[in-house]
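>
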Amino acid sequence: MLLPPTHMALHSPRLLSLTRRAFSSSPSSFQGGVSMVQGASRGIGLEFVKQILEYDDKEHVIATCRNPSASTGLIHLKDKFADRLKILSLDLTVETSIEASALSIKETYGRLNLLINASGILSIPEVMHPETTLNKVEKSSLMLAYEVNAVGPILVIKHMWPLLKVGGGHGTGRSAAVVASLSARVASIGDNRLGGWHSYRSSKASLNQLSKTASLEFARRKDPVVCILLHPGTVDTDLSKPFQRNVPPDKLFTKEFSVQKLLSIINNVKIHDNGKFFAWDGQEIPW
Ligand SMILES: NC(=O)c1ccc[n+]([C@@H]2O[C@H](COP(=O)([O-])OP(=O)(O)OC[C@H]3O[C@@H](n4cnc5c(N)ncnc54)[C@H](OP(=O)(O)O)[C@@H]3O)[C@@H](O)[C@H]2O)c1
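Take the sequence shown: its position 276, counted from the start at 1, is 749 in the working numbering, and no numbers get skipped.
#1: So, for N747: in the same chain, excluding its five sequence neighbours on each side, which residues have a beta-carbon less than 7 Å away from its beta-carbon?
#2: Quick one: residues in its chain with C-beta nearer than 6 Å to the C-beta of A543, no 5 flanking neighbours on either side, listed in chain order?
#3: Assuming A618 and M601 make a contact with CB atoms under 8 Å, what is their CB distance in whole Å?
#4: With DSSP as the reference, please indicate the residues paired to Q511 in a beta bridge.
#5: How would you call A555, buried or exposed, if buried means at least 16 neighbouring beta carbons within 10 angstroms?
#6: Once the 5 residues before and after E532 are set aside, which same chain residues still bring their CB inside 6 Å of it?
#7: Relative to the C-alpha of V652, which candidate in E572, E620, F751 and L547 has its C-alpha closest?
#8: Would you report the Cα separation of I758 and S596, rounded to the nearest angstrom?
#9: Taking the straight line between their C-alpha atoms, what separation do you get for E568 and S562?
#10: Less than 7 Å between the CB of I744 and some heavy atom of ligand 1, yes or no?
#11: Quick one: using the 10 Å Cβ neighbour count with 16 as the cut-off for buried, is V720 buried or exposed?
#12: Would you mind listing the beta strand (DSSP E) stretches within the stretch 713-759 that are 3+ residues and don't spill past its ends, in chain order?
#13: So the candidates are S713, D530, H704 and S570; which of them puts its Cα closest to the Cα of N681?
#14: So what's S559 in DSSP terms, helix, strand or just coil?
#15: Verify the contact flag: A591, CB atom, against every heavy atom of ligand 1, threshold strictly below 7 Å.
#16: Inspect the beta-carbon positions of K579 and L637 and report whether they are closer than 8 Å.
#17: Consult DSSP for S656 and reduce its assignment to one of helix, strand or coil.
#18: May I ask you to report which of helix, strand or coil DSSP gives H549?
#19: Are I630 and V510 touching if we call contact CB-CB under 8 Å?
#20: Closer than 7 Å: is that where the CB of D723 sits relative to any heavy atom of ligand 1?
#21: Using DSSP with H/G/I as helix, E/B as strand and the rest coil, what is L637?
#22: Can you give me the Cβ contacts of S679 inside the same chain, cut-off strictly under 7 Å, excluding the 5 residues immediately before and after it?
#23: Thinking just about the alpha-carbon of each residue, which of K612, K734, I517 and L702 is nearest to the one in S654?
#24: Please report the residue range of the beta strand (DSSP E) in which I701 lies.
#25: Beta-carbon separation of N586 and A650 under 8 Å?
#26: Taking I744 as the reference, give the member of V639, S614 and S661 with the closest Cα.
#27: Relative to the alpha-carbon of F716, which residue among F730, K685, S731 and W670 has its alpha-carbon at the smallest distance?
Printed below as a string of structure tokens:
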């Protein structure tokens with residue numbers, strides 16, 4: 474019997490295999506959780522990617538950073554976890570790169586169960602120096618710190634929000650999707666006893682307020698999303714290197730230790746933790 478062309482085409486072995494392949498890469502076919510780590514090129518963000526991939530062999534991780542080809546750490550992880558790690562280019566100061574990442578994640582995975590904002594700036598040689606006195610406060614440093622530490626992360630949360638879904642996700646037993654943004658204890662206004670670092674402190678305080686505000690909206694809409702802020706401790710990374718001189722050795726954490734502690738908070742978070750600011754040891758920090 475002569476089959477009509479469309480029917481014949483659908484039964485061709487080559488097309489059947491192509492159709493299966495198309496289905497097997499559809500968003501719904503991802504069984505494990507889907508986590509995104511923003512600011513993953515190095516430091517604490519890179520360590521989050523590594524530990525999440527190692528912890529659960531079903532977990533998929535999207536690692537974003539400004540310049541993926543320059544991150545040897547991410548390239549190394551991609552070699553090891555080729556099927557479960559996707560690397561995307563995202564610059565916090567370019568909103569279109571945030572939107573493009575959200576679209577790519579939607580098309581590939583259809584959801585996110587965990588979003589970690591791990592990026593941050595404190596000092597940049599020749600560009601931004603943590604202020605030791607009011608006289609050294611400059612508009613350019615304030616604006617840059619706000620753009621990278623506060624504006625960028627809340628835009629990431631905004632664009633990823635439609636994708637945040639419960640079910641799966643790194644760490645079993647969670648009843649909500651989690652958004653965790655890396656803040657710093659020095660952002661606390663109540664705990665500010667030393668002064669200084671005007672740009673960094675105030676930009677992280679702004680991140681805290683923006684995240685708290687988002688958390689209230691999630692709660693009001695009954696969205697099962699928990700939005701928290703985390704202080705990682707003083708961690709031995711590029712960010713803290715220029716300021717480690719007065720830190721006692723037992724107060725300077727490794728990335729491995731800090732991220733283990735932070736993942737333990739993330740994995741045990743409950744809906745009533747929405748909007749809270751936690752230190753690495755699980756203690757709440759005053760605003
Ligand atoms: N280390 C500490 O002691 C400490 C203490 C308290 C809080 N924190 C917070 O913890 C987080 C991680 O810090 P860290 O110690 O891991 O710092 P880090 O090693 O200096 O890494 C900072 C990360 O932020 C990224 N980043 C900077 N500007 C960006 C931009 N415009 N767009 C996208 N990504 C950008 C960097 O990417 P590039 O590689 O492209 O520059 C890098 O991945 C930060 O939010 C920091 O404020 C750290």
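The beta carbon of each residue, even a glycine, is placed where N, CA and C say it ideally should be. Predicted model only: the values in this text are computed from it and were never measured.
Well, looking at it:
#1: Result list for N747: S688, F691, A692, V699 and C700, in chain order.
#2: Excluding sequence neighbours, A543 sits near nothing in its chain.
#3: M601 and A618 do touch by the CB rule: their CB atoms are close to 7 Å apart, below 8 Å.
#4: By DSSP's assignment, Q511 forms a beta bridge with T537 and N590.
#5: The residue in question, A555, is exposed, as its Cβ has fewer than 16 Cβ neighbours within 10 Å.
#6: Here the set comprises G505, G506, I525 and H643.
#7: V652 has its Cα closest to that of F751, out of E572, E620, F751 and L547.
#8: Using only the alpha carbons, I get a separation of about 24 Å.
#9: Each residue's Cα considered, the two are about 12 Å apart.
#10: Every heavy atom of ligand 1 is 7 Å or more from the Cβ of I744, so no.
#11: Flag for V720 reads exposed.
#12: Within the stretch 713-759, the complete beta strand (DSSP E) runs of at least 3 residues are 750-752.
#13: Cα-wise, what sits closest to N681 is H704.
#14: First, the residue type needs correcting, since residue 559 is Lys and not Ser in the sequence shown. Strand at K559.
#15: Yes, since a heavy atom of ligand 1 falls inside the 7 Å radius drawn around the Cβ of A591.
#16: Cβ distance not < 8 Å, so K579 and L637 don't count as in contact.
#17: In the structure shown, S656 sits in coil (DSSP, three-state: anything other than H, G, I, E or B).
#18: Here H549 sits in helix by DSSP.
#19: If you check the CB distance, I630 and V510 do not come in under 8 Å.
#20: No, the Cβ of D723 stays beyond 7 Å of every heavy atom of ligand 1.
#21: Looking at L637 - three-state DSSP - the assignment turns out to be strand.
#22: Same-chain partners within the cutoff: Y619 and A623.
#23: Ranking K612, K734, I517 and L702 by CA distance to the CA of S654 puts L702 first.
#24: Counting along the chain, I701 sits inside the beta strand (DSSP E) bounded by residues V698 to H704.
#25: In this structure, A650 lies closer than 8 Å to N586 by Cβ.
#26: Distance check between I744 and each of V639, S614 and S661 places V639 closest, using alpha-carbon atoms only.
#27: The residue with the shortest Cα to Cα distance from F716 is W670.
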